[in-house]
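Student: In this note's numbering, the protein residues as written are 3 to 427.
Here it is, the structure in full.
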C-alpha cells in the first residue's frame, strides 16, 4: 500500500506543463501547426523568480545538492509512465557577450525541425526554450516538470544547474566533450561520445583487421613528451597484445627518416600505423612518409581519431593515399537520402544551409524525445537498451553506477585509395 502511494505521488510530481504555441517559429509556414500535435515557445529570457525560504538549518550559499539522488533510488520497478505530451526543455546560451550565439541558434533550428517532424508523426510536444546566459535565483527551476532537458552546454553551467535539478531528472550535455567528466559523479547524460571512445574504437578496429602477416607501427615525435591522448593510445596498444615497432623522429628529420618507415614495413601483409601526436605539422609529415610507401608497392593503413580531419594543412588526397581509418563521434554521409531530405527541409524553413550544430540539434532532440515516447518519464532506466542512429551521430549509452551516462557510439570512416569515403557502421 505504502509502495503504491509512493509511486503514485512520484508520477504526479513528474506531470508535464504546457507552453504557449508560437507558429511563426517555423519560417514559411502559412498557418499555425495543429496545437494538438506540437506546442512551442520561442527562446526567452528567464524571468527572476521569488526566492523561496530556505529549509531550517540550510546555508544560503550552500544549496542542497541532489545531483547524485535519483528517483530510481526509491524503487527499482520500471513503470511505463508515457506522457500524453512530451515536455521538452532546451537550456542553451542563446546570447554570448550581448550578441546572438549563431551556433546555438543553429542547434535550436535543428531541434525545431526535429520537433516538427515528430509532430507530423503524431508525437505531441511542449517545447520550452530558455536562455541559459540569464542568471536566476537558485530555487528558480524552469524544467521542474520537464520530461526531457537538453542543456546547458558548458561544464560550468551544467555543474551549476545540478545544484537545483529536481530529483529524478537528468541533464543532457549536448555538445561539450569535456562535460563527460561530470557523468562520473552526477546525473548528466553525455550525448557526444568523448575522445577516449574514439581512441578505443580506433584500436579495436585495428585489432579486428590485423592478420598474422601484418605489422603494427607506432609513430611518435622524438624528444616530445606524449600528451594525454598520446599516452592513452599507447596504453591501448600495450593492452591489445599486438607486438609493435616504434618510429621516433623529429620533424626536421622528415626527408631522412623515409628508410626507417620502409624498414619497419612488411611486404607480405599490411603495415598498420598509429600516430600518437596532436602536432599538426608532425602528423602531416608522418602521413607524407607513410604515403610514400604506397609508391614502393607496400600496403598501408593509418588509424586515427577525428582530430586528424581538423588539420587544414593535410590534403584530403594524402588521407586517401594512406588508406585512413577514422573513428569519429560525428560524421555526415551526404549520400544518405535522410540527410538529403533534412538539408532540403532546412533550406526551405530557414533559408540557409545547415551546419554541424543544426545536425546535432536535430539528432539529439529526436533521439531523446523518441525514447521518452517509447518508455515514458522513467526513460533513463532504459537508456542503455535503446540505441539510435542519427543523421550525424549515433547513440549507445553506458551507465556509470550511481551517476550518469556516457555515449559510446563512434562511427568508422574509411578514406579509400579510390577517393571514396565510406561509413562502415
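Glycine included, C-beta positions come from ideal geometry on N, C-alpha and C.
In this text, all values refer to a predicted model and were calculated from it rather than measured experimentally.
What are the boundary residues of the beta strand (DSSP E) that residue 305 is part of?
Tutor: 301 to 307
Student: Would you identify the three-state DSSP class for residue 192, choosing helix, strand or coil?
Tutor: Strand at residue 192.
Student: With distances taken between CB atoms, is the gap from residue 96 to residue 359 smaller than 7 Å?
Tutor: Not in contact: residue 96 and residue 359 (Cβ atoms no closer than 7 Å).
Student: Just verifying my parser: in three-state terms, what is the DSSP assignment at residue 128?
Tutor: strand
Student: Just to confirm the assignment, what range does the beta strand (DSSP E) spanning residue 91 have?
Tutor: 88 to 94
Student: When you compare each of 303, 421, 264 and 191 to residue 324 by their alpha carbons, which one comes out closest?
Tutor: With distances taken between CA atoms, residue 324 lies nearest to 303 out of 303, 421, 264 and 191.
Student: Does the Cβ of residue 386 have 16 or more other Cβ atoms within 10 Å, making it buried, or fewer, making it exposed?
Tutor: exposed
Student: Relative to the C-alpha of residue 252, which candidate in 409, 307 and 291 has its C-alpha closest?
Tutor: 291
Student: Indicate whether the contact test is met: 3 or more Cβ pairs, each with one atom in the region 385 to 399 and one in the region 156 to 164, closer than 8 Å.
Tutor: no
Student: Can you tell me the Cβ-Cβ gap for residue 148 and residue 90, rounded? I've got them flagged as a contact below 8 Å.
Tutor: Contact flag correct, Cβ pair sits at about 7 Å.
Student: Do you know offhand how far residue 215's Cα is from residue 248's?
Tutor: Cα to Cα, residue 215 sits roughly 18 Å from residue 248.
Student: Take residue 345 and list the residues in its own chain whose beta-carbon comes closer than 7 Å to its own, dropping the five residues that flank it on each side.
Tutor: So the qualifying residues of the chain are 356.
Student: Out of 114, 111, 98 and 112, state which residue places its alpha-carbon closest to the alpha-carbon of residue 135.
Tutor: The residue with the shortest Cα to Cα distance from residue 135 is 98.
Student: Tell me the DSSP secondary structure of residue 175 in three-state form.
Tutor: strand
Student: Buried or exposed for residue 418, going by 16 or more other Cβ atoms inside 10 Å?
Tutor: exposed
Student: Spatial neighbours of residue 2 within its chain, please: C-beta separation below 8 Å, excluding the five flanking residues on both sides.
Tutor: Residue 2 is absent from the structure shown; the chain starts at 3 and stops at 427.
Student: At the level of alpha carbons, what is the spacing between residue 315 and residue 279?
Tutor: 15 Å
Student: Is residue 152 helix, strand or coil by DSSP?
Tutor: strand
Student: Residue 306 and residue 341: beta carbons closer than 7 Å?
Tutor: no
Student: Are there 16 or more other CB atoms within 10 angstroms of the CB of residue 254, so buried, or fewer, so exposed?
Tutor: In the assembly as shown, residue 254 is an exposed residue. Its beta-carbon has fewer than 16 other beta-carbons within 10 Å.
Student: Going by DSSP in three states, residue 186 sits in which element: helix, strand or coil?
Tutor: helix
Student: Given that a residue counts as buried once 16 or more other Cβ atoms are within 10 Å of its Cβ, and exposed if not, what is residue 404?
Tutor: exposed
Student: Determine the DSSP secondary structure at residue 220, reduced to helix, strand or coil.
Tutor: strand
Student: Using a threshold of 7 Å, state whether the C-beta atoms of residue 352 and residue 111 are closer than that.
Tutor: yes
Student: Does the region 218 to 228 come into contact with the region 180 to 200, if we say contact requires no fewer than three beta-carbon pairs (one atom in each stretch) closer than 8 Å?
Tutor: no
Student: Using a Cβ-Cβ cutoff of less than 6 Å, which residues in the same chain neighbour residue 317 once the five nearest sequence positions on both sides are dropped?
Tutor: none
Student: Report the CB separation of residue 406 from residue 365 in whole angstroms; it is logged as a contact under 8 Å.
Tutor: With 8 Å as the limit, residue 406 and residue 365 do not qualify as a contact, their Cβ atoms being about 19 Å apart.
Student: I'd like to confirm the pairing. Which residues does DSSP put opposite residue 247 in its beta bridges?
Tutor: 219
Student: Which term fits residue 124, buried or exposed, when burial requires 16 or more other beta carbons within 10 angstroms of its beta carbon?
Tutor: exposed
Student: Which residue marks the beginning of the beta strand (DSSP E) containing residue 352, and which one marks its end?
Tutor: First-last for residue 352: 339 to 352, but that is the alpha helix (DSSP H), not the beta strand (DSSP E).
Student: What first and last residue would you give for the beta strand (DSSP E) that runs through residue 434?
Tutor: Because the chain in this structure spans residues 3 to 427, residue 434 falls outside the shown range and cannot be described.
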